[in-house]
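Asker:
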Amino acid sequence: MRNRFQYSALVVAAAVAVGASISSCSTEPPDNGEIVATTRVWADVASAVAGGDVDAVIAGDAVDPHHFEPSAKDIARIKGASTVVANGGAYDAALYTAAEQDRVIFAIPPIDAKEAHEHGEHDHEHDELEHAWFSPEKIRQVADAVAAKTGGDAGGVDERVSEAEAKLAALPHMRIGMTEPIAAGLVQDTELHDVTSAEYAKASLNHQEPSASAVAEFLEQIERGELDILFINPQSANSATERLADAAKAHNVPVVEIRETPPSGENFLDYLEQIVDQVVDVAEPAHHH
Numbered sequence: 004m005r006n007r008f009q010y011s012a013l014v015v016a017a018a019v020a021v022g023a024s025i026s027s028c029s030t031e032p033p034d035n036g037e038i039v040a041t042t043r044v045w046a047d048v049a050s051a052v053a054g055g056d057v058d059a060v061i062a063g064d065a066v067d068p069h070h071f072e073p074s075a076k077d078i079a080r081i082k083g084a085s086t087v088v089a090n091g092g093a094y095d096a097a098l099y100t101a102a103e104q105d106r107v108i109f110a111i112p113p114i115d116a117k118e119a120h121e122h123g124e125h126d127h128e129h130d131e132l133e134h135a136w137f138s139p140e141k142i143r144q145v146a147d148a149v150a151a152k153t154g155g156d157a158g159g160v161d162e163r164v165s166e167a168e169a170k171l172a173a174l175p176h177m178r179i180g181m182t183e184p185i186a187a188g189l190v191q192d193t194e195l196h197d198v199t200s201a202e203y204a205k206a207s208l209n210h211q212e213p214s215a216s217a218v219a220e221f222l223e224q225i226e227r228g229e230l231d232i233l234f235i236n237p238q239s240a241n242s243a244t245e246r247l248a249d250a251a252k253a254h255n256v257p258v259v260e261i262r263e264t265p266p267s268g269e270n271f272l273d274y275l276e277q278i279v280d281q282v283v284d285v286a287e288p289a290h291h292h
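All residue numbers for the sequence shown refer to this note's numbering, where the first residue is 4 and numbers rise by one.
1. Apart from the five residues just before and just after A172, which ones in its own chain have a Cβ nearer than 6 Å to its Cβ?
2. Would the stretch 246–266 count as touching the stretch 175–186 if we require 3 or more Cβ pairs under 8 Å?
3. Might you give, ordered along the chain, the residues of its own chain that have their beta carbon closer than 8 Å to the beta carbon of I61, omitting 5 neighbours on each side?
4. Within the continuous beta strand (DSSP E) that includes L174, where are the two ends?
5. Is Q211 buried or exposed, if buried means 16 or more other CB atoms sit within 10 Å of its CB?
6. Just verifying my parser: in three-state terms, what is the DSSP assignment at L195?
7. Please go through the stretch 223–277 and give each complete alpha helix (DSSP H) segment of 4 or more residues, from N-terminal end onward.
8. In three-state DSSP terms, what is V153?
9. Per DSSP, what are the beta-bridge partners of V107 in this structure?
10. Rounded to whole angstroms, what's the CA-CA distance from A248 to A240? Just pull it up for me.
11. Roughly how many whole angstroms lie between the Cα atoms of K141 and E168?
12. Alpha carbon to alpha carbon, what distance is there between Q281 and P213?
13. Would you give the residue range spanned by the beta strand (DSSP E) that V39 belongs to?
14. In the DSSP assignment, what residue or residues form a beta bridge with I179?
15. Could you check which residue in W136, E229, P265, N209 has the C-alpha nearest to that of V164?
16. Taking all protein chains shown into account, decide if S29 is buried (16 or more other Cβ within 10 angstroms of its Cβ) or exposed.
17. Less than 8 Å between C-beta atoms, sequence neighbours within five positions excluded: which residues of the same chain meet that for R5?
18. Helix, strand or coil: which one does DSSP assign to P113?
19. Could you check whether I225 and T182 sit closer than 8 Å to each other, using their CB atoms as the reference points?
20. CB V198 to CB E223, shorter than 8 Å?
21. If you compare alpha carbons, which of I38, A146, V87, I114 is closest to E133?
22. Can you say whether A217 is buried or exposed, counting buried as having 16 or more other CB atoms within 10 angstroms of its CB?
23. In whole angstroms, what separates the C-alpha of L174 from that of E276?
24. If you run the structure through DSSP and keep just helix, strand and coil, what is D67?
25. Please classify G268 as buried or exposed, where buried requires at least 16 other C-beta atoms within 10 Å of its C-beta.
26. Let me know the secondary structure DSSP gives K60 once reduced to three states.
27. Among residues of its own chain, excluding the 5 on either side of Q238, which ones have a beta-carbon nearer than 6 Å to its beta-carbon?
Here it is, written out as structure tokens:
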């Protein structure tokens, strides 16, 4: 009996050392403190705090998390983890609703399973900050929560994110347009004001194809010189976003691309810093003319 106990203590120590990847091989639910994130972005944040590798259920950059259908294995993985780091809202509800809710760290408030199922029928109006990982404040909250739960250190993440936030906060008043509200969290509490045509913004918020009149209105804003920067998500480009990007280039409006998920193999925190530096770079000359 004693040997068995020693053995399991060693396994636990080893599992923790290798970032708890060992637990995914066992059929028993892990008791070794495995942290699993719903998406790569939150896995990177959790990993920076807890140390070691944190796995993401939705991996790779090909799948749009909105349309991710979890397998039975994915659900088992979430149920088995001792800590689940999730985005919240409708975004990854198919996953986090499977976990014991007291084990989940959320960036934005969760919705219950029934609501998750019905989502898509109703208006997104209330959760504009769905892309919570582009909100410095939300990243810090998640990092601090992971540290509190795992005994990790959120200091490094907090510092990097606050620095990025300070760079954006220092920018002068500018008018921005967004083909979808992916940068909403980044521009919150800054002088970068979103002036995207209301009809267009509402459609993109609800993941709908914007009407021809909404696109025309947005194009006119660019042509009249009412935009200083255009934000585009290249992962969900359609004919409308391409027309807007072309119009922006034709009228010397800088275009900043923000992907829903970082390019493959790139750490999210590095990617966030790159985006912020890019915004700062385009903002300087744009401001001077």
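Yeah, the Cβ is synthetic: ideal placement off N, Cα and C, and Gly gets one too. Just so we're clear, the structure is a prediction, and the values are computed from it rather than from any experiment.
Answerer: Reading from the atomic positions:
1. Counted from its first residue, the sequence shown places residue 172 at position 169. Excluding positions up to five away in sequence, the list reads T193.
2. yes
3. Mapped onto the sequence shown, residue 61 falls at position 58. Closer than 8 Å at the Cβ level, and outside the excluded window around I61, lie T41, T42, R43, P68, F71, D95, L98.
4. The count along the sequence shown starts at 1 and reaches residue 174 at position 171. That residue, L174, is in no beta strand (DSSP E); it is neither H nor E in DSSP.
5. Taking the sequence shown and counting its residues from 1, one reaches residue 211 at position 208. The residue is exposed, with fewer than 16 neighbouring Cβ atoms inside 10 Å.
6. Walking along the sequence shown from the start, residue 195 turns up at place 192. L195 falls in the strand class under three-state DSSP.
7. 242–253
8. For the purposes of this step, residue 153 is taken as the residue at position 150 of the sequence shown. Reading off the sequence, residue 153 comes out as Thr, not Val. In this structure, T153 counts as helix in the three-state DSSP scheme.
9. As a first step, residue 107 is located in the sequence shown; it is residue number 104 there, counting from the start. In the DSSP output, where bridge partners are listed per residue, V107 has V87.
10. One-based indexing of the sequence shown puts residue 248 at position 245. One-based indexing of the sequence shown puts residue 240 at position 237. Each residue's Cα considered, the two are about 10 Å apart.
11. The residue given as residue 141 occupies position 138 in the sequence shown. The residue given as residue 168 occupies position 165 in the sequence shown. Each residue's Cα considered, the two are about 12 Å apart.
12. The count along the sequence shown starts at 1 and reaches residue 213 at position 210. The count along the sequence shown starts at 1 and reaches residue 281 at position 278. Looking at the two C-alpha atoms, the distance is approximately 27 Å.
13. Translated into the one-based positions of the sequence shown, residue 39 becomes position 36. Counting along the chain, the beta strand (DSSP E) containing V39 begins and ends at 38–42.
14. Taking the first residue of the sequence shown as 1, we reach residue 179 at position 176. Partner(s): D197, I232.
15. For the purposes of this step, residue 164 is identified with residue 161 of the sequence shown, where counting begins at 1. Nearest option by C-alpha distance: W136.
16. Start at 1 with the first residue of the sequence shown, and residue 29 comes out as number 26. Reliability fails at S29, whose pLDDT of 38 lies under 50, so the model's placement of it is uncertain and the value that follows must be treated cautiously. It counts as exposed.
17. As a first step, residue 5 is located in the sequence shown; it is residue number 2 there, counting from the start. Note that R5 scores 45 on pLDDT, short of 50, meaning its location in the model is unreliable and no value can be drawn from it.
18. The residue given as residue 113 occupies position 110 in the sequence shown. P113 falls in the strand class under three-state DSSP.
19. Mapped onto the sequence shown, residue 182 falls at position 179. Mapped onto the sequence shown, residue 225 falls at position 222. No, the pair does not count as a contact, with Cβ atoms beyond the cut-off.
20. Indexing the sequence shown from 1 puts residue 198 at position 195. Indexing the sequence shown from 1 puts residue 223 at position 220. Not a contact, by the Cβ cut-off of 8 Å.
21. What you label residue 133 is simply residue 130 of the sequence shown in a count that begins at 1. The option with the nearest alpha carbon to E133 is I114.
22. Here residue 217 refers to the residue found at position 214 when the sequence shown is read from its first residue. With 16 or more Cβ atoms within 10 Å of its Cβ, A217 is classed as buried.
23. Working through the sequence shown from its first residue, we reach residue 174 at position 171. Working through the sequence shown from its first residue, we reach residue 276 at position 273. If you take the alpha carbons of L174 and E276, they lie about 15 Å apart.
24. Along the sequence shown, read from residue 1 onward, the residue named residue 67 stands at position 64. Three-state result, D67: coil.
25. Here the question's residue 268 lines up with position 265 in the sequence shown. With fewer than 16 other Cβ atoms within 10 Å, it is exposed.
26. Counting from one through the sequence shown, the residue named residue 60 turns up at place 57. For the sequence presented, residue 60 should be read as Val rather than Lys. Of the three classes helix, strand and coil, the one that applies to V60 here is strand, per DSSP.
27. Numbered from its first residue, the sequence shown carries residue 238 at position 235. So the qualifying residues of the chain are R262, E263.
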